[in-house]
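A.B. asks:
Residue numbers (our numbering): 46 to 245.
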């Protein structure tokens, strides 16, 4: 219900209560309950009889559609020709497999900032971004069903720390297949991604 209410703000900045009720074709008391909850959580603001997204909730706009979209993920390669720093996945998908260290790209964050933050926060490694090797679209299937999609930004980083490195070929079967492909085929590439700043 709340996601349906929020989807209305994709097309209008301000919406009157009666308009929300009419569009969703629901009882007014039910709509009022959910609107009150969204206002209390600071997602919506109310002025007289109109509702709008709060300034802090404007960032939700790209995610308001009920269509699922790929998640951008940073993957970080630290190591030499044969050995790299890998970690065992604790979450699904690929729980228990070895994979490249990585994480989400946060709102307003540059790729170099993300590399530094992820390595420090998750692995206590002081890393310096070197370059972007490649970008790939990964689709993860469970039997025949597509369950996840990721935009993989495969990066290279350096560190003066001494993390434990794992031999790639000796552990091939334990490494996430897409990570193995990136390690074997995309290491020597170098691409650039421009960071653009725009105003609404």
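All C-beta atoms, glycine included, are put in the ideal place defined by N, C-alpha and C.
1) Contact check, residue 101 vs residue 87 under 8 Å by CB: the rounded distance?
2) Nearest-angstrom Cα distance between residue 201 and residue 174?
3) Please report how far the alpha carbon of residue 50 lies from the alpha carbon of residue 99, in whole angstroms.
4) State yes or no: is the C-beta of residue 129 within less than 8 Å of the C-beta of residue 228?
5) Quick one: Cα of residue 55 to Cα of residue 76, how far?
6) I'd like the span of the beta strand (DSSP E) that includes residue 178, first residue to last.
7) Give the DSSP bridge partners of residue 118, in chain order.
8) Is DSSP giving residue 92 helix, strand or coil here?
9) How would you label residue 147, buried or exposed, when you count the other beta carbons within 10 angstroms and need 16 or more for buried?
10) Hey, could you find the ends of the beta strand (DSSP E) residue 60 is sitting in?
11) Does the pairing of the segment 199-217 with the segment 157-176 give three or more beta-carbon distances under 8 Å?
12) Taking residue 81 as part of the alpha helix (DSSP H), name the residues at either end of that continuous run.
13) Would you say residue 83 and residue 52 are within 8 Å of each other, going by their C-beta atoms?
C.D. replies: Looking at the atomic coordinates:
1) Taking the chain shown and counting its residues from 1, the one referred to as residue 101 is at position 56. Taking the chain shown and counting its residues from 1, the one referred to as residue 87 is at position 42. Right, their Cβ atoms sit about 7 Å apart.
2) Walking along the chain shown from the start, residue 201 turns up at place 156. Walking along the chain shown from the start, residue 174 turns up at place 129. Taking the straight line from one Cα to the other gives about 6 Å.
3) Against the chain shown, residue 50 aligns to sequence position 5. Against the chain shown, residue 99 aligns to sequence position 54. For residue 50 and residue 99, the distance between alpha carbons rounds to 14 Å.
4) Stepping through the chain shown from its first residue, residue 129 is reached at position 84. Stepping through the chain shown from its first residue, residue 228 is reached at position 183. Cβ atoms of residue 129 and residue 228: closer than 8 Å.
5) Within the chain shown, numbered from 1, the residue matching residue 55 stands at position 10. Within the chain shown, numbered from 1, the residue matching residue 76 stands at position 31. Using only the alpha carbons, I get a separation of about 18 Å.
6) Position 133 of the chain shown, counted from the start, is the residue given in the question as residue 178. Run containing residue 178: 172-187, per the beta strand (DSSP E) assignment.
7) Translated into the one-based positions of the chain shown, residue 118 becomes position 73. The partner list for residue 118 (beta bridge, DSSP) reads 149 and 197.
8) What you label residue 92 is simply residue 47 of the chain shown in a count that begins at 1. Strand at residue 92.
9) Within the chain shown, numbered from 1, the residue matching residue 147 stands at position 102. So residue 147 ends up on the buried side.
10) As a first step, residue 60 is located in the chain shown; it is residue number 15 there, counting from the start. Its beta strand (DSSP E) spans residues 59-61.
11) yes
12) Looking up residue 81 in the chain shown gives position 36. Looking at the DSSP string, the run of the alpha helix (DSSP H) that includes residue 81 is 73-85.
13) The residue given as residue 83 occupies position 38 in the chain shown. The residue given as residue 52 occupies position 7 in the chain shown. No, the Cβ-Cβ distance between residue 83 and residue 52 is not below 8 Å.
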